[in-house]
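Trainee: In case it helps, our numbering puts the sequence shown at residues 49 to 174.
From the three backbone atoms N, C-alpha and C, an ideal C-beta is built for every residue, glycine too.
Treat the numbers as computed from the prediction; the structure is a model and nothing was measured.
After the structure tokens below, expect a handful of questions from me.
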Amino acid sequence: MKRVLLLVMTVLITGSVARAQFSEVIKRSEVHGSFEFDGAYYMADEGVGITDSMINGRNFAFNGFGKITYTLGKFSAGLRYEAYLPPLAGFDPRIEGQGFPNLWAMYTSERFSFTVGNFYEQFGNG
């Protein structure tokens, strides 16, 4: 009986300590995200030169993406999901599909920054 009581007490104390530590991690964590959806409905229009054969039965097209970044102190991780079902007019039709093109994790200190995964940097849009 003493062993059972000792086991129950140990589990309760350990559980409450773990819960308190997890609660502190949650308070210091940040989650950021964004998403974008661009869609178009195509119709044949002889006036501008768009025929049914050009549309090929695909009246609706969209490009979409979502990005999520998790940060805890000097550590951050993120992912990006993209979907082209089918791609909008003007985009390469070979990119049709969906998936996670970017998954990454990063640690940054005062002296260095270390990143793993597949990622890209973009410097401006102009």
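Compute the distance between the beta-carbons of TYR90 and ASN111, then report whether it is under 8 Å.
Mentor: no
Trainee: From the DSSP output, read off the bridge partner residues of ILE194.
Mentor: Since the first and last residues shown for the chain are 49 and 174, residue 194 lies out of range.
Trainee: Leaving out the 5 sequence neighbours to the left and right, which residues in its chain are closer than 8 Å to ILE103 when beta-carbon positions are compared?
Mentor: TYR90, MET91, ALA92
Trainee: Can you name, in chain order, every residue of its own chain whose Cβ lies under 6 Å from the Cβ of ALA190, other than the five neighbours on each side?
Mentor: The chain is shown from 49 up to 174; residue 190 falls before or after that span and cannot be answered.
Trainee: Determine the direct distance from the alpha carbon of ALA137 to that of LYS122, and round the result to whole angstroms.
Mentor: Between the alpha carbons of LYS122 and ALA137 lies a distance of about 41 Å.
Trainee: Could you tell me how far apart the beta carbons of PHE113 and GLU130 are, in whole angstroms, since I believe they sit closer than 8 Å?
Mentor: Taking C-beta atoms under 8 Å as the contact rule, PHE113 and GLU130 qualify, at a distance of about 5 Å.
Trainee: Quick check: what's the CA-CA separation for LYS75 versus PRO135?
Mentor: Going by the C-alpha atoms only, they are around 40 Å apart.
Trainee: Starting from SER161, follow the beta strand (DSSP E) in both directions and report where the run begins and ends.
Mentor: 161 to 166
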